[in-house]
Amino acid sequence: MTSLVLSQLSVYPVKSLGGVTVDRVEVERQGLAGDRRWMVVDAGGDTVTAREVPRMLGVRVSLEADGLVLAADGLDALRVPEPRGLPTTRVSMNRVGSATPAGAPADAWLTEAIGRDVRLVWLDDPGRRSVSPDHGGAPGDTLSLADAGPVHLTTTASLAQLNTWLADEQDHPPLPMERFRPTVVVDGDLEPFVEDTWAGVRIGDVELRFGERCDRCVMTTVDLDVLRTTKEPTRTLARHRREDGKVWFGIRLIPVTTGSIAVGDEVVALG
Numbered sequence: 001m002t003s004l005v006l007s008q009l010s011v012y013p014v015k016s017l018g019g020v021t022v023d024r025v026e027v028e029r030q031g032l033a034g035d036r037r038w039m040v041v042d043a044g045g046d047t048v049t050a051r052e053v054p055r056m057l058g059v060r061v062s063l064e065a066d067g068l069v070l071a072a073d074g075l076d077a078l079r080v081p082e083p084r085g086l087p088t089t090r091v092s093m094n095r096v097g098s099a100t101p102a103g104a105p106a107d108a109w110l111t112e113a114i115g116r117d118v119r120l121v122w123l124d125d126p127g128r129r130s131v132s133p134d135h136g137g138a139p140g141d142t143l144s145l146a147d148a149g150p151v152h153l154t155t156t157a158s159l160a161q162l163n164t165w166l167a168d169e170q171d172h173p174p175l176p177m178e179r180f181r182p183t184v185v186v187d188g189d190l191e192p193f194v195e196d197t198w199a200g201v202r203i204g205d206v207e208l209r210f211g212e213r214c215d216r217c218v219m220t221t222v223d224l225d226v227l228r229t230t231k232e233p234t235r236t237l238a239r240h241r242r243e244d245g246k247v248w249f250g251i252r253l254i255p256v257t258t259g260s261i262a263v264g265d266e267v268v269a270l271g
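This is the structure:
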């Protein structure tokens, strides 16, 4: 196989809000450091995502050593410290049970930013949530507030094929990789969607094993410029990548070892 390279790294500090592109990051057992330690819930503790509220994807997030900063058009930026040591509250997300409220200022800011009464909560210990066996988890595998797997990998070859289909069949402009919210992106001379067949990857010195293919939801259809849902890429993926009643793009990975990875690292596809 020709040389493969890690071409992009992203973390999403708050589930369903904007992501942060980084040059280097630590791979921990539950995923990339800083990825999805926070989430938005309603007054009853149920998770609120951009599937229902596309405006959430327009909220920008930056990481600090002990918290984050929220920003959105028309609002002053708000710094939110990690609420360590404070009482937790009930949340309904599976295999979590409770999380720590970020506090009234964050709740009010987010409520105004997305136009819905919400709360911001923080996962105090990501090691207490497990990866479900239904998603490739084994005993000891842990997970942040991500939906199903610790690390989400896509390839530029697969996106190029999708954009070719979109152009040829729909005269549609190319979609950015950000629509799919991957944490790691691999570049190189690959066949489109060959990642579906990998048993795992080694990025630099860090090994990750295959968990499952990634089924895609309505979030990928949100136009990130206008924050409204569209028909693509679901319509085109349904013609070419439909199986078991779902459409597929990218794979979920589970760390076998931990350590630092960086853009430009060599990627080796395993087995």
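Going by full-length UniProt numbering, the sequence shown opens with residue 1, and the numbers climb by one from there.
Note that beta-carbon positions come from the ideal geometry of N, C-alpha and C, so glycine has one too.
Predicted model, so just to flag it, every value in this text is computed and none were measured.
If we ignore side chains and look at the alpha-carbon of each, how far apart do residue i and residue j end up?
i: I254; j: L120; result: 27 Å
i: L110; j: D46; result: 15 Å
i: G259; j: D23; result: 14 Å
i: G200; j: V247; result: 21 Å
i: A157; j: D171; result: 19 Å
i: V27; j: V206; result: 8 Å
i: S130; j: V40; result: 20 Å
i: W38; j: T257; result: 24 Å
i: F210; j: D35; result: 19 Å
i: residue 332; j: G136; result: No answer is possible for residue 332: it lies beyond the span of the chain, which begins at 1 and ends at 271.
i: E178; j: R29; result: 24 Å
i: S98; j: E169; result: 46 Å
i: V218; j: H152; result: 17 Å
i: V48; j: V14; result: 11 Å
i: T154; j: A148; result: 15 Å
i: D73; j: R216; result: 28 Å
i: V69; j: D42; result: 21 Å
i: G44; j: R90; result: 8 Å
i: T21; j: E64; result: 14 Å
i: G271; j: S92; result: 38 Å
i: R181; j: T229; result: 15 Å
i: A50; j: A108; result: 18 Å
i: A104; j: G245; result: 41 Å
Just tell me which of the options has its CA closest to the CA of residue i.
i: P83; options: L4, Q30, W122; result: W122
i: P81; options: V61, M93, L153; result: V61
i: A160; options: R29, P233, A77, V14; result: P233
i: S16; options: L175, P192, L224; result: L224
i: R128; options: H135, P139, D134, D66; result: P139
i: R239; options: T49, P105, L162, G271; result: L162
i: P174; options: F180, R181, T183, T164; result: T164
i: N94; options: T88, S144, G67; result: S144
i: R241; options: V222, F193, T221, T220; result: F193
i: P126; options: T221, V96, T220; result: V96
i: A106; options: R79, L86, R116; result: R79
i: T220; options: P133, R116, T88, P176; result: P176
Go through its chain and collect everything with a Cβ distance to residue i's Cβ below 6 Å, but skip five positions before and after it.
i: D124; result: T100
i: I203; result: L6, I261, D265, V267
i: V25; result: L9, L32, A33
i: L166; result: H172, T236
i: I114; result: V53, R55, M56
So, helix, strand or coil for residue i, using DSSP?
i: Q170; result: helix
i: residue 277; result: The question about residue 277 has no answer, for the chain in this structure spans 1 to 271.
i: Q30; result: coil
i: S16; result: coil
i: residue 344; result: Coverage of the chain is limited to positions 1 through 271, which leaves residue 344 absent and any answer about it impossible.
i: A262; result: strand
i: G67; result: strand
i: A269; result: strand
i: T236; result: helix
i: M1; result: Interpretation of M1 is limited by its pLDDT of 49, a score under 50 that renders its predicted location unreliable; no figure is taken from the coordinates.
i: V226; result: coil
i: R129; result: coil
i: T221; result: helix
i: V80; result: strand
Under the DSSP definition of a beta bridge, which residues are partnered with residue i?
i: E212; result: R252
i: H152; result: R252
i: residue 272; result: Only positions 1 to 271 of the chain appear in the structure, and residue 272 is not among them; the question remains open.
i: L120; result: V40
i: I114; result: Paired residues: none, contrary to the question.
i: K246; result: E243
i: G200; result: R209, L270
Spatial neighbours of residue i within its chain, please: C-beta separation below 8 Å, excluding the five flanking residues on both sides.
i: G18; result: Y12, L57, G58, V59, R60, V61
i: L4; result: V186, D187, G188, L190, E266, V267, V268, A269
i: D196; result: R213, W248, I251
i: L75; result: W109, E112, A113
Under 7 Å Cβ to Cβ from residue i, same chain only, skipping five residues before and after it: list those, please.
i: M1; result: At M1 the pLDDT is 49, less than 50, meaning the model places this residue with poor confidence; the figure from the coordinates comes in the next sentence. Closer than 7 Å at the Cβ level, and outside the excluded window around M1, lie A269.
i: L227; result: P54, R55, L57, G58
i: A71; result: R60, A77
i: D141; result: S130, V131, I254
i: V263; result: L6, S7, Q8, L9, D23
i: L208; result: V151, G200, V201, L253, I254, P255, V256
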